[in-house]
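Residue numbers for the sequence shown follow the working numbering, beginning at 2 and rising by one. All C-beta atoms in this analysis are idealised placements derived from N, C-alpha and C, irrespective of residue type, glycine included.
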Amino acid sequence: MEHDYDHLQRAAKDHLWMHFTRHSTYDTSDVPIIVRGEGAYIYDAQGKRYLDGLGGLFVSQLGHGRTELADAAAAQAKELAFHPLWSYAHPNAILLAERIAGYAPGDLNRVFFTTGGGEAVESAWKLAKNYFKLTGKPMKHKVISRSIAYHGTTQGALSITGLPPLKQQFEPLVPSTFRVPNTNLYRASEATGGFLDGSDPEAFGRWAADQIAVAIENEGPDTVAAVFLEPVQNAGGCFPPPPGYFDRVREICDEYDVLLVSDEVICAYGRLGHMFGAERYGYQPDIITSAKGITSGYAPLGAMIASDRLMEPFLHGSESFAHGFTFGGHPVSTAVAMANFDIFEQEHILEHVRDNEGAFRATLERLLDLPIVGDVRGDGYFYGIELVKDKGTRETFNEEESEKLLRGFLSKALYDEGLYCRADDRGDPVIQLSPPLICDQAHFDEMEQILRTVLDKAATLL
Ligand SMILES: Cc1ncc(COP(=O)(O)O)c(C=O)c1O
Numbered sequence: 002m003e004h005d006y007d008h009l010q011r012a013a014k015d016h017l018w019m020h021f022t023r024h025s026t027y028d029t030s031d032v033p034i035i036v037r038g039e040g041a042y043i044y045d046a047q048g049k050r051y052l053d054g055l056g057g058l059f060v061s062q063l064g065h066g067r068t069e070l071a072d073a074a075a076a077q078a079k080e081l082a083f084h085p086l087w088s089y090a091h092p093n094a095i096l097l098a099e100r101i102a103g104y105a106p107g108d109l110n111r112v113f114f115t116t117g118g119g120e121a122v123e124s125a126w127k128l129a130k131n132y133f134k135l136t137g138k139p140m141k142h143k144v145i146s147r148s149i150a151y152h153g154t155t156q157g158a159l160s161i162t163g164l165p166p167l168k169q170q171f172e173p174l175v176p177s178t179f180r181v182p183n184t185n186l187y188r189a190s191e192a193t194g195g196f197l198d199g200s201d202p203e204a205f206g207r208w209a210a211d212q213i214a215v216a217i218e219n220e221g222p223d224t225v226a227a228v229f230l231e232p233v234q235n236a237g238g239c240f241p242p243p244p245g246y247f248d249r250v251r252e253i254c255d256e257y258d259v260l261l262v263s264d265e266v267i268c269a270y271g272r273l274g275h276m277f278g279a280e281r282y283g284y285q286p287d288i289i290t291s292a293k294g295i296t297s298g299y300a301p302l303g304a305m306i307a308s309d310r311l312m313e314p315f316l317h318g319s320e321s322f323a324h325g326f327t328f329g330g331h332p333v334s335t336a337v338a339m340a341n342f343d344i345f346e347q348e349h350i351l352e353h354v355r356d357n358e359g360a361f362r363a364t365l366e367r368l369l370d371l372p373i374v375g376d377v378r379g380d381g382y383f384y385g386i387e388l389v390k391d392k393g394t395r396e397t398f399n400e401e402e403s404e405k406l407l408r409g410f411l412s413k414a415l416y417d418e419g420l421y422c423r424a425d426d427r428g429d430p431v432i433q434l435s436p437p438l439i440c441d442q443a444h445f446d447e448m449e450q451i452l453r454t455v456l457d458k459a460a461t462l463l
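What follows is the structure, given as structure tokens:
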């Protein structure tokens, strides 16, 4: 489609309110406008090509330009554009629910559709509260989550989020959420006050999991409904679970009758080489929250997947879960999700990620020879690269340096060099990578080369 570039710039600046955006940045520069995508690449309005190193926003599992997914959307819109799931059903919602239940671990057989991840998180918290009210534990309502973890921006999901700078402007938020330490092994010494140095990941995992039990005890087990954890925590820069962490968390949740919610808005649907992160790390959640990759981004959709036990009280008499969204489980989105999973199966996408993740890791680890690269961590096609001021002491940048480095230089420099990814300082400064799952060694090399060029320059700025 042809566009008038000057008109787009003017209209973007005059009318479009972008998300999490410092609009003043664009007082003196153009708004980056992306017009099309092909495979692992996106193209801007001037025709310049970028490697989509973040999969849009941890979304584009199959990459861009998949006509099968566009065709599935068009066919469904022609047949039935819309009907809600409020006491009615439509075929793709039914078949997708059945399919996801088949992929999900254990008895996670009940699928409640939303339009995105934050709504899935909201739905999980409301379900946890409602379930306990119906099963004789009406005081159970509180939520435990981890420090620096992001769980969404709606008021409940934001309350569960562990990032104070994102919350302050909106306080008071929904009360009754509490933070425990995350599993940043690189910073184990700081987290444990020097008690553990991270050289024994299992001991650190045990310690971190035990903090959940401490928090439950502190709050009173009769008041705690759920703990929300990502398989690999994104914010802060990809913290995988240390060995044994989720086994211990499951034990704690069972001991205190607290629901384990695996927030897989990023980690599900192949990101870690499995349909669900819980499967990769071998634990059984009570609820999985998911979105993003479920459609590879060709239409908006989220899903909260609950165990049979959690739906059981709603199956009798006049009970219902009084909760829903007009567009949750939209016919077009569910049709696209079905087509997305067809391609996952035909093209062995999960196997592709598992076969290539070692190469991805090894390629990124080459960057460890740069003085500014402190840590490379993650799993599957999901990595964080932590930048440090002093590699020996692991000293991080102060706020001013971080501002200069990340916002002032890195984000733009990486983009100018042809890599779309994210430089983030919600915890310590990191670069986040989450490329389409179709990527291979040539893409990994391209990422590494661009990162090397830009990080070399970044080191000279400070
Ligand atoms: C773990 C996690 N939970 C929830 C959300 C919120 O999802 P959405 O932006 O679709 O509302 C995100 C978004 O990135 C996420 O990463």
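(request) Determine the direct distance from the alpha carbon of lysine 390 to that of lysine 138, and round the result to whole angstroms. (result) Translated into positions along the sequence shown, residue 138 becomes position 137. Translated into positions along the sequence shown, residue 390 becomes position 389. Distance from the CA atom of lysine 138 to the CA atom of lysine 390, rounded to whole angstroms, is 50 Å.
(request) Could you check if leucine 468 is buried or exposed, using at least 16 other CB atoms within 10 Å of its CB as the buried criterion? (result) The question about residue 468 has no answer, for the chain in this structure spans 2 to 463.
(message) Looking at ligand 1, does it come within less than 7 Å of valine 181, judged from the CB to the closest heavy atom?
(response) The residue labelled residue 181 in the question sits at position 180 within the sequence shown. Valine 181 Cβ: outside cutoff for every heavy atom of ligand 1.
(message) Closest to glycine 64 by C-alpha separation, out of Ala78, Arg37, His84, would be which residue?
(response) Here residue 64 refers to the residue found at position 63 when the sequence shown is read from its first residue. For the options Ala78, Arg37, His84, the alpha carbon positioned closest to that of glycine 64 is the one of Arg37.
(message) ligand 1 and phenylalanine 59: does any heavy atom of the ligand fall closer than 7 Å to the residue's C-beta?
(response) Your numbering for residue 59 matches position 58 in the sequence shown. Indeed, a heavy atom of ligand 1 lies less than 7 Å from the Cβ.
(request) Report the rounded CA-to-CA distance for glutamine 479 versus threonine 335, giving the unit in angstroms. (result) With the chain represented from 2 up to 463, any question about residue 479 goes unanswered, as that position is not in the structure.
(request) Following the continuous beta strand (DSSP E) through lysine 138, name the residue where it begins and the one where it ends. (result) Against the sequence shown, residue 138 aligns to sequence position 137. Run containing lysine 138: none; DSSP gives neither H nor E here.
(request) Starting from the C-beta of proline 106, find all residues in its chain whose C-beta is less than 7 Å away, skip the five residues before and the five after it, and write them out in chain order. (result) One-based indexing of the sequence shown puts residue 106 at position 105. Only Phe277, Ala279, Glu280, Gln285 meet the Cβ criterion.
(request) Just mark leucine 351 as buried or exposed, buried being the case when its beta carbon has 16 or more other beta carbons within 10 Å. (result) The sequence position of residue 351 within the sequence shown is 350, counting from 1. Around the beta-carbon of leucine 351, 16 or more other beta-carbon atoms lie within 10 Å, marking it buried.
(request) Give a single yes or no on whether glycine 330 has its beta carbon closer than 7 Å to a heavy atom of ligand 1. (result) Within the sequence shown, the letter at position 329 stands for residue 330. Between ligand 1 and glycine 330, a heavy atom-to-CB distance of less than 7 Å is absent.
(request) Less than 8 Å between the CB atoms is what I'm expecting for tyrosine 466 and isoleucine 217, so what's the real figure, rounded? (result) The chain is shown only over 2 to 463; residue 466 falls outside these bounds and no answer can be derived.
(message) Just to confirm, is the Cβ distance from histidine 84 to proline 332 under 8 Å?
(response) To locate residue 84, count along the sequence shown from 1; it is residue 83. To locate residue 332, count along the sequence shown from 1; it is residue 331. Their beta carbons are under 8 Å apart, which means histidine 84 touches proline 332 by this criterion.
(request) Check the DSSP bridge columns for glutamate 387 and list the partner residues they point to. (result) Your numbering for residue 387 matches position 386 in the sequence shown. For glutamate 387, the beta-bridge partners assigned by DSSP are Asp376, Val431.
(request) Would you check whether ligand 1 has a heavy atom nearer than 7 Å to the C-beta of glutamate 123? (result) Translated into positions along the sequence shown, residue 123 becomes position 122. Because no heavy atom of ligand 1 lies under 7 Å away, the Cβ of glutamate 123 does not count as near it: no.
(request) Could you tell me which residues DSSP pairs with tyrosine 51 in its beta bridges? (result) For the purposes of this step, residue 51 is identified with residue 50 of the sequence shown, where counting begins at 1. Bridge partners of tyrosine 51 according to DSSP: Ile43.
(message) Residues around ligand 1, please: the condition is that the C-beta lies closer than 6 Å to some non-hydrogen atom of it.
(response) For ligand 1, the selected residues are Gly117, Gly118, Gly119, Val122, Tyr151, His152, Gly153, Glu231, Asn235, Asp264, Val266, Ile267, Ala292.
(request) Report the residue from Ser160, Ala71, Lys14, Glu396 whose alpha carbon sits nearest the alpha carbon of proline 173. (result) As a first step, residue 173 must be located in the sequence shown, where it is residue number 172. Residue Ser160 is the option with its Cα nearest to proline 173.
(request) Could you tell me the distance, in whole angstroms, from the CA atom of histidine 349 to the CA atom of asparagine 357? (result) On the sequence shown, residue 349 is found 348 positions in, with the first residue counted as 1. On the sequence shown, residue 357 is found 356 positions in, with the first residue counted as 1. C-alpha separation (whole angstroms): 12 Å.
(request) With distances taken Cα to Cα, identify the nearest neighbour of threonine 394 among Phe383, Ala41, Glu191, Gly329. (result) As a working note, residue 394 is residue 393 in the sequence shown. Considering only Phe383, Ala41, Glu191, Gly329, the residue with the shortest C-alpha distance to threonine 394 is Glu191.
(message) With the cut-off set at 8 Å, would you say leucine 230 and arginine 427 are in Cβ contact?
(response) By 1-based counting over the sequence shown, the position of residue 230 is 229. By 1-based counting over the sequence shown, the position of residue 427 is 426. The answer is no: Cβ separation not under 8 Å.
(request) Mind checking which residues open and close the alpha helix (DSSP H) that includes leucine 311? (result) Your numbering for residue 311 matches position 310 in the sequence shown. For leucine 311, the enclosing alpha helix (DSSP H) begins and ends at 309 to 312.
(message) Looking at the secondary structure, which residues open and close the alpha helix (DSSP H) in which valine 250 lies?
(response) Walking along the sequence shown from the start, residue 250 turns up at place 249. Counting along the chain, the unbroken alpha helix (DSSP H) around valine 250 starts and ends at 246 to 257.
(request) Determine contact between the segment 305 to 322 and the segment 99 to 113, defined as no fewer than three beta-carbon pairs at a distance below 8 Å. (result) The segment 305 to 322 makes contact with the segment 99 to 113: 3 or more CB pairs, one atom from each, lie closer than 8 Å.
(message) Please report the distance separating the alpha-carbon of glycine 303 from that of alanine 74.
(response) The residue given as residue 303 occupies position 302 in the sequence shown. The residue given as residue 74 occupies position 73 in the sequence shown. Counting only the Cα atoms, alanine 74 lies some 16 Å from glycine 303.
(message) Based on DSSP bridge pairs, tell me the residues matched to alanine 94.
(response) For the purposes of this step, residue 94 is identified with residue 93 of the sequence shown, where counting begins at 1. Beta-bridge pairing by DSSP links alanine 94 to no other residue.
(message) So, with DSSP's three-state summary, where would you put valine 215?
(response) In the sequence shown, residue 215 corresponds to position 214, counting from 1. DSSP places valine 215 in helix when its eight states are reduced to three.
(message) Rounded to whole angstroms, what is the Cα-Cα separation between valine 266 and glycine 157?
(response) Numbered from 1 along the sequence shown, position 265 holds the residue referred to as residue 266. Numbered from 1 along the sequence shown, position 156 holds the residue referred to as residue 157. Rounded to the nearest angstrom, the two C-alpha atoms are 16 Å apart.
(message) If you reduce the DSSP assignment to three classes, tell me which class histidine 84 lands in.
(response) As a working note, residue 84 is residue 83 in the sequence shown. Coil, per DSSP.
(request) Measure the C-alpha to C-alpha separation of asparagine 131 and phenylalanine 114 and round it to an integer number of angstroms. (result) Residue numbering aside, residue 131 sits at position 130 when the sequence shown is read from its first letter. Residue numbering aside, residue 114 sits at position 113 when the sequence shown is read from its first letter. Here the alpha carbons of phenylalanine 114 and asparagine 131 stand approximately 17 Å from one another.
(message) When you compare the CB positions of leucine 456 and leucine 371, do they come within less than 8 Å of one another, or not?
(response) Within the sequence shown, residue 456 is the residue found at index 455, counting from 1. Within the sequence shown, residue 371 is the residue found at index 370, counting from 1. Between leucine 456 and leucine 371, the CB-CB gap stays under 8 Å.
(message) Excluding the 5 residues flanking lysine 141 on each side, which residues of the same chain have their C-beta closer than 7 Å to its C-beta?
(response) Here residue 141 refers to the residue found at position 140 when the sequence shown is read from its first residue. Excluding positions up to five away in sequence, the list reads Phe133, Asp223, Thr224, Val225, Ala226.
(request) Would you tell me roughly how many angstroms separate the C-alpha atoms of cysteine 422 and threonine 454, rounded to the nearest one? (result) Taking the first residue of the sequence shown as 1, we reach residue 422 at position 421. Taking the first residue of the sequence shown as 1, we reach residue 454 at position 453. Rounded to the nearest whole angstrom, the C-alpha separation of cysteine 422 and threonine 454 is 15 Å.
(message) What residue range does the alpha helix (DSSP H) around lysine 168 cover?
(response) Here residue 168 is taken as the residue at index 167 of the sequence shown, counted from 1. Note, lysine 168: alpha helix (DSSP H), 165 to 168.
(message) To the nearest angstrom, how far is the alpha carbon of glycine 221 from that of phenylalanine 315?
(response) Along the sequence shown, read from residue 1 onward, the residue named residue 221 stands at position 220. Along the sequence shown, read from residue 1 onward, the residue named residue 315 stands at position 314. Between glycine 221 and phenylalanine 315, the C-alpha separation is close to 26 Å.
(request) Closer than 6 Å by C-beta to valine 122: which residues in its own chain qualify, once you throw out the five before and the five after it? Chain order, please. (result) Counted from its first residue, the sequence shown places residue 122 at position 121. Taken in chain order, the residues that qualify are His152, Gly153, Ala158, Thr290.
(request) Please look up how many angstroms separate the CB atoms of alanine 236 and glycine 118, rounded, as I've assumed it's under 8 Å. (result) Here residue 236 refers to the residue found at position 235 when the sequence shown is read from its first residue. Here residue 118 refers to the residue found at position 117 when the sequence shown is read from its first residue. Not confirmed; about 13 Å, so no contact.
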